[in-house]
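Protein chains in written order, with my numbering: chain U, 13 to 128; chain C, 46 to 157. Note that beta-carbon positions come from the ideal geometry of N, C-alpha and C, so glycine has one too.
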Amino acid sequence: DQQVKQNSPSLSVQEGRISILNCDYTNSMFDYFLWYKKYPAEGPTFLISISSIKDKNEDGRFTVFLNKSAKHLSLHIVPSQPGDSAVYFCAASAVFRSQGAQKLVFGQGTRLTINP
Amino acid sequence: KAGVTQTPRYLIKTRGQQVTLSCSPISGHRSVSWYQQTPGQGLQFLFEYFSETQRNKGNFPGRFSGRQFSNSRSEMNVSTLELGDSALYLCASSRGRGETQYFGPGTRLLVL
């Protein structure tokens, strides 16, 4: 049972344009969402997060949007740069509703390629 | 501030052996979580420790166990290794509930 889904295994974007990565979830208990970036042979690097009380969070070139009614979140990267090429994972947890549990449930990842 | 460190970075074992992986969290972080990454299953939660207590456990067999020490360092043990245990094992630390988890570089385990 895939509770967090990233339906696009790969995405190719021109440098300077906007990259939009999507993520859907099924568990309505999730109240905290994160995006991580991962290079081969390295651990995931935290990018940005959003709690369920918000619908948008922005940090520099990265913006995460949360649509609770659709159980959908997206990561926008603008403008896209070659160094953004990596695998992006969305993750969700039910932190505030489950007595401190820190379990992250990850999507399968989307490989983003930024073309010069 | 030093990040999460994991040792060893690479490990080769044979079926039936056991292995212990180590994780040192970011200074001040009391929560340590372990994840397994494989090509087929993606990133899956193993367990989480906070103040030396296991708070949450994923859907893995009892061959996978862990512990946390008073200095928040954590170890993960896998006994009776199987070929399917070959994976990247990632450790993440956070200050606590609701705080962002930061990952280490991982330990790549190959079981032959």
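Residue i touches chain U at which residues, Cβ-Cβ below 8 Å?
i	result
tyrosine 147/C	Phe58
At a CB-CB cut-off below 8 Å, which residues of chain C make contact with residue i?
i	result
glutamine 15/U	Here the premise fails: no neighbours, minimum Cβ distance about 11 Å.
Taking Cβ-Cβ distances shorter than 7 Å, what residues in chain C pair up with residue i?
i	result
glutamate 70/U	Chain C residues near glutamate 70/U: none, gap ~16 Å exceeds 7 Å.
valine 90/U	In chain order: nothing, as chain C lies at least about 22 Å away.
By the three-class DSSP mapping on this structure, what secondary structure does residue i have?
i	result
glycine 28/U	coil
leucine 87/U	strand
aspartate 71/U	strand
aspartate 96/U	helix
valine 107/U	coil
isoleucine 60/U	strand
valine 49/C	coil
phenylalanine 148/C	strand
lysine 58/C	strand
asparagine 39/U	coil
leucine 116/U	coil
Looking at the C-beta of residue i, does it have a partner C-beta in chain C at a distance below 8 Å?
i	result
phenylalanine 77/U	no
phenylalanine 118/U	yes
tyrosine 51/U	no
tyrosine 100/U	no
serine 61/U	yes
Should residue i go down as buried or exposed, given a rule of 16 or more other Cβ atoms within 10 Å for buried?
i	result
glutamine 26/U	exposed
threonine 152/C	buried
phenylalanine 148/C	buried
serine 139/C	buried
Are the C-beta atoms of residue i and some chain U residue less than 8 Å apart?
i	result
glycine 103/C	yes
glycine 111/C	no
leucine 88/C	yes
glycine 73/C	no
leucine 157/C	no
leucine 135/C	yes
Going along chain U, which residues have a C-beta under 7 Å from residue i?
i	result
leucine 56/C	Within chain U, no residue comes near leucine 56/C; the closest Cβ sits about 14 Å away, beyond 7 Å.
Using the beta-carbon of each residue, which ones in chain U are nearer than 9 Å to residue i?
i	result
proline 150/C	Ala53, Glu54 and Gly55
Note down, in chain order, every chain C residue with its Cβ under 9 Å from the Cβ of residue i.
i	result
glycine 121/U	Gly87 and Leu88
Task: Length-filtered (3 minimum) beta strand (DSSP E) runs lying within the segment 80-132 of chain C - done: At a cut-off of 3 residues, the continuous stretches assigned as beta strand (DSSP E) that sit fully inside the segment 80-132 of chain C are 87-95, 98-102, 109-113 and 119-123.
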